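If you read the sequence shown in the numbering used here, its first letter stands for residue 1, the second for the next number, and so on. Quick reminder that beta carbons are idealized off the backbone N, C-alpha and C, glycines included. Because the structure is a prediction, the values reported are computed rather than measured.
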Amino acid sequence: MRLKLAIALLCLYVSSVTAQNSTLSDFIPEVKRPKIGLVLSGGGAKGLAHVGVLKVLEQYGIRPDYITGTSMGSIVGGLYSLGYSAKDIEQFVHEADWNALLSDKITWKEIDIFHKDEYPGYPIKLIFNKGEKPSLPSGMIQGQQIHALLSKLSWASIKYQSFDDLPIPFRCVATDIMTGQPIVFKNGSLADAMRTSMSIPTVFSPVIIDTLLLADGGMVRNYPVQECIDMGADIIIGSYTGFDEKAKPEDLRSLISILTRSSVFQGINDAKVQIPKTDLLIVPDLTNYGAESFSKTKQIMLKGEEAANDSVIIEKIKQIAQIYKFWPRDIVKDSLGSVKVDQIIISGPPSANIKLIEEMCKIYPGKAINQEILATAVDKLYSTGDYKKVSYQIVNQANKNILVFKCTENEAGKIELGLHYDNTNGPAILARYTMRDFLVPSSLFKAKIALSENSKLQINYDYFLTKR
1 MRLKLAIALL CLYVSSVTAQ NSTLSDFIPE VKRPKIGLVL SGGGAKGLAH VGVLKVLEQY
61 GIRPDYITGT SMGSIVGGLY SLGYSAKDIE QFVHEADWNA LLSDKITWKE IDIFHKDEYP
121 GYPIKLIFNK GEKPSLPSGM IQGQQIHALL SKLSWASIKY QSFDDLPIPF RCVATDIMTG
181 QPIVFKNGSL ADAMRTSMSI PTVFSPVIID TLLLADGGMV RNYPVQECID MGADIIIGSY
241 TGFDEKAKPE DLRSLISILT RSSVFQGIND AKVQIPKTDL LIVPDLTNYG AESFSKTKQI
301 MLKGEEAAND SVIIEKIKQI AQIYKFWPRD IVKDSLGSVK VDQIIISGPP SANIKLIEEM
361 CKIYPGKAIN QEILATAVDK LYSTGDYKKV SYQIVNQANK NILVFKCTEN EAGKIELGLH
421 YDNTNGPAIL ARYTMRDFLV PSSLFKAKIA LSENSKLQIN YDYFLTKR
């Protein structure tokens, strides 16, 4: 209804201007152009269909005024809000090694020499801190690699303190696990916001920000239409790739798929409330694809194009495109070179040695740094094995650039179990115990046992002369 009304009023006004032999530019101060909002849902790999939808919208000159997104929609939307074109994002999707991105693995070359014997890890893992009982990890992965890539792609965003200042104002949604309420990101680190919004339960560990424990926004608000309306959108264009209301039995054959499904019921029900608020709804046919289908990204993006090119949808797109004949908006990709750092701080473990980190990373106050330098620094810190997650944020306070390394300390100890087979020793049960700061600080104790026809026990104790 809002779409029809906006187009009708615009056509009526343009007709009156034409009848008076005047140009629309003479009357622009008097005309308020309808604001276009773009809403991109979550859906894991299925959310990459949004890229195909964006390609079609671009072909008709449609450039949204506001963007909101959840989970994968937050990544596509966040990059688009920063000025990446649909073609740019499509290229990133094609070039990405999704198996590597959706893991915490690093290359053998990058691993600290004292931790090389811990790779690859064993499949069963129990973690613990001193004085605590062993427990299972909170998620399969921390998301180190995908966060590193998002930091690289969103480097230009560090000069903005608010998401309202991005080339296209942006919002994304996460879930507060403790209250079950949606949390809307409006400022801060764009990379942190996108990564947190895509904290898929049972896959990624929850993210701690301040006092909040946050997970995937799709759990409660998988299709954030209301947030886009609140930003000021008059017309809502939505691309929905969320979970079906009723799952198929064949899609629920693994424990992870069952747990994931059970975590998104509220998000599915909320989408029923959000969808009617959409003026132009585009729903790609992703029947044969799942949230985990990252090996079929090309086909999924093509499904987005096909949905947007549907005869009924394309007519509505053409109607909206009429607005841009009089108010054209170009794609402006943002960029940023080097940034001078005035101060360096560590957010996380109180035991972190700032001087050691400065020496290791070759970053000092007063030095100009770029994205490549910071990416190398993050890799070096992560490779020490002291941290399970490392990221950064540059905060401007009182006209000073403060570089904040956000380091999540690894648990003090871990017990890992696994199986192995070789022709020499036959089958073996493997167990490994690792304990940091054992007996004295800056130490590492490791014990590894292989129970087989030729059982082995290996014990190592390392003490670092420089405090880590």
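Residue i vs residue j beta-carbon contact at 9 Å
| i | j | result |
| --- | --- | --- |
| G242 | N222 | yes |
| I346 | Y364 | no |
| Y62 | L102 | Note that residue 62 is Ile in the sequence shown, not Tyr. Result no, Cβ atoms of I62 and L102 do not sit closer than 9 Å. |
| V207 | L213 | yes |
| R436 | N410 | yes |
| Y60 | G37 | no |
| G235 | I320 | Checking the displayed sequence, the identity of residue 235 turns out to be Ile instead of Gly. Cβ atoms of I235 and I320: closer than 9 Å. |
| S197 | T70 | yes |
| G426 | S455 | no |
| A308 | I300 | no |
| L190 | S154 | yes |
| G232 | T175 | no |
| L381 | C407 | yes |
| E90 | K55 | yes |
Helix, strand or coil at residue i according to DSSP, with G and I counted as helix
| i | result |
| --- | --- |
| E453 | coil |
| Q142 | coil |
| F405 | strand |
| S25 | Its pLDDT being 48, under 50, S25 is placed unreliably by the model, and the measurement read from it follows with that caveat. Note: S25 maps to helix in three-state DSSP. |
| F92 | helix |
| D97 | coil |
| T211 | coil |
| E58 | helix |
| S239 | strand |
| Q274 | helix |
| D192 | helix |
| P427 | strand |
| G43 | coil |
| L38 | strand |
| A368 | strand |
| Q161 | coil |
| M435 | strand |
| P182 | strand |
| S151 | helix |
| K87 | helix |
| N187 | strand |
| G337 | coil |
| K389 | strand |
| T68 | strand |
| V395 | strand |
Buried versus exposed call for residue i [16 or more other C-beta atoms within 10 Å across all chains shown]
| i | result |
| --- | --- |
| D285 | exposed |
| S22 | Annotation note: pLDDT 48 at S22 (below 50); position unreliable, coordinate value reported separately. Per the 10 Å Cβ criterion, exposed. |
| A215 | buried |
| Y461 | exposed |
| Y463 | exposed |
| D192 | buried |
| M194 | buried |
| K246 | exposed |
| T260 | buried |
| S391 | buried |
| L336 | exposed |
| I183 | buried |
| Y421 | exposed |
| K446 | buried |
| P169 | buried |
Limits of the alpha helix (DSSP H) - the one that residue i falls within
| i | result |
| --- | --- |
| E315 | 311-321 |
| K355 | 354-361 |
| V440 | That residue, V440, is in no alpha helix (DSSP H); it is neither H nor E in DSSP. |
| S81 | 72-81 |
| V225 | 225-231 |
Start and end residues, beta strand (DSSP E) containing residue i
| i | result |
| --- | --- |
| Q299 | No beta strand (DSSP E) holds Q299; the alpha helix (DSSP H) holding it covers 297-308. |
| V264 | Neither: V264 is in no beta strand (DSSP E) and is coded neither H nor E. |
| I200 | Premise fails: I200 is in no beta strand (DSSP E) and is neither H nor E. |
| E416 | 413-422 |
| V173 | 170-176 |
| S347 | 343-347 |
| L280 | 280-282 |
Contact set for residue i: own chain, Cβ-Cβ below 6 Å, skip 5 residues either direction
| i | result |
| --- | --- |
| S293 | A45 |
| F185 | C172, A193 |
| A431 | L417, I449 |
| A368 | S338, K340 |
Proximal residues to residue i (C-beta, below 7 Å), its chain only, five neighbours per side dropped
| i | result |
| --- | --- |
| L166 | S81, L82, S157, Y160 |
| G73 | L40, S41, G42, G47, H50 |
| M178 | L213 |
is_contact[residue i, chain B] using C-beta, thresh 9 Å
| i | result |
| --- | --- |
| I146 | Among the protein chains of the structure shown there is no chain B, as only one such chain exists. |
Own chain, CB closer than 8 Å to residue i, minus 5 neighbours either side, in chain order
| i | result |
| --- | --- |
| L302 | G52 |
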